[in-house]
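Peer 1:
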Amino acid sequence: DVKVTQSSRYLVKRTGEKVFLECVQDMDHENMFWYRQDPGLGLRLIYFSYDVKMKEKGDIPEGYSVSREKKERFSLILESASTNQTSMYLCASSSKTSGITYNEQFFGPGTRLTVL
Amino acid sequence: AQSVSQHNHHVILSEAASLELGCNYSYGGTVNLFWYVQYPGQHLQLLLKYFSGDPLVKGIKGFEAEFIKSKFSFNLRKPSVQWSDTAEYFCAVNENNNDMRFGAGTRLTVKP
Numbered sequence: 001d002v003k004v005t006q007s008s009r010y011l012v013k014r015t016g017e018k019v020f021l022e023c024v025q026d027m028d029h030e031n032m033f034w035y036r037q038d039p040g041l042g043l044r045l046i047y048f049s050y051d052v053k054m055k056e057k058g059d060i061p062e063g064y065s066v067s068r069e070k071k072e073r074f075s076l077i078l079e080s081a082s083t084n085q086t087s088m089y090l091c092a093s094s095s096k097t098s099g100i101t102y103n104e105q106f107f108g109p110g111t112r113l114t115v116l
Numbered sequence: 117a118q119s120v121s122q123h124n125h126h127v128i129l130s131e132a133a134s135l136e137l138g139c140n141y142s143y144g145g146t147v148n149l150f151w152y153v154q155y156p157g158q159h160l161q162l163l164l165k166y167f168s169g170d171p172l173v174k175g176i177k178g179f180e181a182e183f184i185k186s187k188f189s190f191n192l193r194k195p196s197v198q199w200s201d202t203a204e205y206f207c208a209v210n211e212n213n214n215d216m217r218f219g220a221g222t223r224l225t226v227k228p
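Chains A and B, in that order, are what the protein sequence lines are. Letter 19 of the first sequence, counting from 1, is numbered 19 in the numbering used here, and no numbers are missing. Converting from the second sequence to the numbering used here requires adding 116 to each position, the first position being numbered 1.
#1: Looking only at C-alpha atoms, which of A:THR5, A:GLU69, A:PHE74, A:GLY63 sits nearest to THR83 of chain A?
#2: Once you ignore the five residues that flank PRO228 of chain B on each side, which residues in its own chain have a CB closer than 7 angstroms to its CB?
#3: Which residue or residues does DSSP assign as beta-bridge partners of TRP270 of chain B?
#4: Compute the distance between the beta-carbons of ASN191 of chain B and LEU137 of chain B, then report whether it is under 8 angstroms.
#5: Show which residues of chain A have a CB atom less than 7 angstroms away from the CB atom of LEU137 of chain B.
#6: I want to see whether chain B comes within less than 8 angstroms of PRO107 of chain A, judged by CB atoms only; does it?
#7: Using a Cβ cut-off of 8 angstroms (strictly closer), state whether LEU90 of chain A contacts chain B.
#8: Within the same chain, show all residues whose beta-carbon is closer than 6 angstroms to that of VAL24 of chain A, passing over the 5 residues directly before and after it, in chain order.
#9: Would you say PHE150 of chain B touches the ligand ADP, meaning its beta carbon is less than 7 angstroms from a heavy atom?
#10: SER75 of chain A and VAL66 of chain A - do their beta-carbons sit closer together than 8 angstroms?
#11: Starting from ALA81 of chain A, trace the beta strand (DSSP E) in both directions and tell me its first and last residue.
#12: Quick test of your reading: GLU17 of chain A and LYS165 of chain B, contact by CB under 8 angstroms. State the CB separation rounded to the nearest angstrom.
#13: Taking 8 angstroms as the limit between beta carbons, can you name the residues of its chain near ALA208 of chain B, skipping five residues before and five after?
#14: Which whole-angstrom value describes the C-beta separation of GLY58 of chain A and TYR47 of chain A, a residue pair presumed to lie in contact below a C-beta threshold of 8 angstroms?
#15: Name the chain A residues whose beta carbon is nearer than 7 angstroms to that of PHE190 of chain B?
#16: How far does the beta strand (DSSP E) with TYR64 of chain A in it extend, from its first residue to its last?
#17: In whole angstroms, what separates the C-alpha of VAL52 of chain A from that of PHE20 of chain A?
#18: Would you decide whether SER93 of chain A is buried or exposed? Buried here means 16 or more other CB atoms lie within 10 Å of its CB.
#19: Give me the subset of the region 27-46 of chain A whose CB atoms are less than 9 angstroms from a CB atom of chain E, sorted by chain position.
#20: When the Cα of GLY144 of chain B is compared with those of B:HIS159, B:SER186, B:LEU160, which residue comes out closest?
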């Protein structure tokens with residue numbers, strides 16, 4: 001079974017703090033994704049990576065950065081947390097098979113971040 | 117703008133009722149289509165997917181979805197829901213192997 005793990009289920013931070021969210025997958029997937037999930041808005045893509053040290057902006061990258069130094073690990077960084085970044089953050093991974101980049105995605109359990 | 121629409125935000129059904137959740141998209145190219153489910157307290161997981169072939173796709177737990185290209189739709193169906201189907205359901209669309217967009221989700225409550 002594919003397993004995607006996220007470093008924390010719940011996190012509380014203060015405005016202005018630097019926040020690191022870690023994601024690890026164990027299936028040697030090429031692609032990794034960070035989403036935020038908000039009620040009524042569904043999932044919105046923040047960043048994705050299709051290879052080590054590669055990254056692409058999603059729909060809402062402002063205020064976030066990412067790092068992918070190893071294939072299995074994809075980190076989301078909030079450089080200076082703000083209250084409007086309070087949300088559920090989901091990490092996902094997928095394999096790139098038959099040339100299909102956006103194959104089935106496997107999701108982690110999510111990190112509920114509260115910024116005070 | 118390209119978008120995925122799920123018209124029903126919250127659906128409430130009694131057990132054994134039939135279910136249909138709508139999903140429409142605005143893309144004009146080749147699409148790959150997905151339905152994901154999120155049970156309370158659990159992570160998102162795939163219910164079913166369509167890439168090509170038979171437009172009627174069967175997934176896990178008795179769910180199915182039909183791709184109607186002319187209507188830009190991929191509605192999810194189940195003939196008889198159970199209390200354990202209570203969850204949030206997300207439609208997702210990938211166009212031309214670029215991008216993946218999710219709908220806003222439909223919360224399903226099944227009353228025992």
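The beta carbon of each residue, even a glycine, is placed where N, CA and C say it ideally should be.
Peer 2: Reading off the structure:
#1: A:GLY63
#2: GLU131, TRP199
#3: With chain B represented from 117 up to 228, any question about residue 270 of chain B goes unanswered, as that position is not in the structure.
#4: yes
#5: Here the premise fails: no neighbours, minimum Cβ distance about 13 angstroms.
#6: Looking at the sequence provided, one finds Phe at residue 107 of chain A rather than Pro. So yes, PHE107 of chain A belongs to the interface.
#7: For LEU90 of chain A, the answer is yes, since a Cβ of chain B falls inside 8 angstroms of its Cβ.
#8: THR5, GLU72, ARG73
#9: The ligand content of the structure shown is nil, which means the ligand ADP is not present either.
#10: yes
#11: Taken as a continuous stretch (DSSP letters only), ALA81 of chain A belongs to no beta strand (DSSP E), as it is neither H nor E.
#12: GLU17 of chain A to LYS165 of chain B, Cβ: 39 angstroms. No contact.
#13: VAL120, LEU149, PHE150, TRP151, TYR152, MET216, ARG217, PHE218, GLY219
#14: 5 angstroms
#15: Within chain A, no residue comes near PHE190 of chain B; the closest Cβ sits about 15 angstroms away, beyond 7 angstroms.
#16: 64-70
#17: 18 angstroms
#18: buried
#19: This model lacks chain E altogether, as its protein chains are A and B.
#20: B:SER186
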